[in-house]
Each structure stands twice: as structure tokens, then as C-alpha cells.
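The structure appears right after this line, and notes come after that.
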Amino acid sequence: MRGAIDDDPDDWDDADRDDDFDPDRIMECAYWRCGELFEAKSTNHIFCRKACRSRQRKWERSVHRNARRKRG
0 MRGAIDDDPD DWDDADRDDD FDPDRIMECA YWRCGELFEA KSTNHIFCRK ACRSRQRKWE
60 RSVHRNARRK RG
């Protein structure tokens, strides 16, 4: 039998901390159906995954295509 796991942050080693982590870079995915939080690696990084970028672009093309059809 195992004992209780102690998750007290004061007990964490410095080795467990990620020096590259920047909380100011946490963003929400720009894909309207995803919204997952992720750490942006650059200012242009707005999607959490390549699939979200692809799906967002596909949705945008569909919206534009439908708008063109309605205009005639």
C-alpha cells in the first residue's frame, strides 16, 4: 500500500521547474471550436496545433464561399 502523495509546492525541487516557461505567453487557441490554452512560442503562434490552424482556415473559406453564393 502506498502513502498519500504530498503535492505541496514548497516540497518541489528546482529541477521540476521549467526555466523556459513564460506565463505571459499563455494564449487561447484561435480556432473557434477549440479554445485550448497553450504556450505561444512566438507572436505569430495563435493555434495550439497544426490541425486547429487547418480547420480554422477551412471554416473561413467555407464562410467566404457561402457569402459569395448569397451575393450571387
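Take the sequence shown: its letters are residues 0 to 71, numbered as in numbering that gives the first Met the number 0.
Even glycine gets a Cβ: it sits at the ideal position worked out from N, Cα and C.
Short Cβ contact (9 Å threshold) for residue i with residue j
i     : j     : result
ILE25 : LEU36 : yes
CYS28 : ARG48 : yes
ARG32 : ARG64 : no
Secondary structure of residue i, DSSP reduced to three states
i     : result
GLU59 : helix
Near the ligand ATP: residue i beta-carbon under 8 Å from a heavy atom
i     : result
ALA66 : Looking at this structure, you won't find the ligand ATP or any other ligand, since it has none at all.
Nearest neighbour of residue i, chosen from the options [CA to CA]
i     : options                       : result
ALA50 : TYR30, ASP23, ASP19 and ASP21 : TYR30
PHE20 : ASN65, ARG32, GLU38 and CYS33 : GLU38
GLY34 : PRO22, ARG52 and ASP23        : ARG52
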